[in-house]
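Peer 1: Sharing a structure here in structure tokens format.
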Amino acid sequence: MNRLEERILKDGVVKEGNVLKVDSFLNHQMDIDLFNEMGKEFKRRFDGKPINKILTVEASGIGIACIVAQHFGVPVVFAKKAKSINLDGKMYVAEVESFTHKCKNQIIVSQKFLNETDHVLIIDDFLANGCALQGLLQIVQSAGATVEGIGIAIEKGYQPGGKMIRNLGYQLESLAIVEEMDWQTGKIVFKEQ
């Protein structure tokens, strides 16, 4: 069992509705030592790929992506969920549905930060149905860039996102794959990797 899985078992909380709450160490309060270990592991799994950009989506993926970027020595670009007055120029836009927030958002990346010369590693905190990843993949495709791989902290293996993305031919690496959860008992079972 890896360190992330151990931390999920120790501090994760299973909530009704297939929600795994990991806000004490992953997506509200962040354990940077754990993130550093995750960054090392993503570097190991994608070593040798010509990655020159890390791409994630606002907001929970940003912390992990930044630490991963340190291990690759490359910048992070994050897709914004709202257009603001300081966004200017041409944009790539994709619509995504949020499992957690039960709503649709447009995600936006400025064209000046992503183009056909980029080799992208997509990083995110969770993978459930794959909606956010589909939006990020659409943005990379619109830019003419190359997806070199996808790194996920926690994948819900019993939901269709991981299978769908792998069936598209992408190298998808998840550090913890939850096979089943029970909110009544708090039980969490991981896929053997």
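Position in the sequence shown counted from 1, then plus 65, gives you the working numbering.
Here a beta-carbon is modelled for each residue, glycine too, at the ideal position from N, C-alpha and C.
A quick note: this is a predicted structure, and the numbers were derived from the prediction, not measured.
1) Excluding five sequence neighbours on each side, which residues of the same chain lie with their C-beta closer than 6 Å to the C-beta of ALA130?
2) Would you please state the rounded distance, in angstroms, between the beta carbons of MET103 and LEU74? I believe it to be under 8 Å.
3) Among ALA241, LYS256, VAL254 and MET246, whose alpha-carbon lies nearest the alpha-carbon of GLU106?
4) Taking 8 Å as the threshold, find out whether the segment 74-85 comes into contact with the segment 239-256 through three or more Cβ pairs.
5) Just to confirm before moving on: does the CB-CB distance between ILE172 and GLY200 stay below 8 Å?
6) In chain order, what residues of the same chain have a beta carbon less than 7 Å from the beta carbon of GLY128, not counting five sequence neighbours either side?
7) Ignore the nearest five residues each way along the sequence and tell me which others in LYS221's own chain have a CB closer than 6 Å to its CB.
8) What would DSSP say about SER175, mapped onto helix, strand or coil?
9) How many angstroms separate the CA atom of ILE253 from the CA atom of ASN67?
10) Any idea what DSSP makes of ASP112, helix, strand or coil?
11) Where does ALA210 land, buried or exposed, given buried means 16+ other C-beta within 10 angstroms?
Peer 2: Let's see:
1) As a working mapping, residue 130 is identified with position 65 in the sequence shown. For ALA130, where only same-chain residues beyond five positions count, the Cβ hits under 6 Å are ILE119, THR121, VAL141 and ILE188.
2) Locating residue 103 in the sequence shown gives position 38, counting from the first residue. Locating residue 74 in the sequence shown gives position 9, counting from the first residue. Not confirmed; about 16 Å, so no contact.
3) Taking the first residue of the sequence shown as position 1, residue 106 is located at position 41. Ranking the options by Cα distance to GLU106, first place goes to ALA241.
4) yes
5) Stepping through the sequence shown from its first residue, residue 172 is reached at position 107. Stepping through the sequence shown from its first residue, residue 200 is reached at position 135. A contact, by the Cβ cut-off of 8 Å.
6) Along the sequence shown, read from residue 1 onward, the residue named residue 128 stands at position 63. So the qualifying residues of the chain are MET95 and PHE100.
7) Residue mapping note: residue 221 aligns to position 156 of the sequence shown, counting from 1. For LYS221, where only same-chain residues beyond five positions count, the Cβ hits under 6 Å are ALA193 and VAL243.
8) The residue labelled residue 175 in the question sits at position 110 within the sequence shown. Three-state result, SER175: strand.
9) Within the sequence shown, residue 253 is the residue found at index 188, counting from 1. Within the sequence shown, residue 67 is the residue found at index 2, counting from 1. Roughly 14 Å separates the two Cα atoms.
10) Working through the sequence shown from its first residue, we reach residue 112 at position 47. Coil at ASP112, not helix or strand.
11) Position 145 of the sequence shown, counting from 1, holds the residue named residue 210. Burial call: buried.
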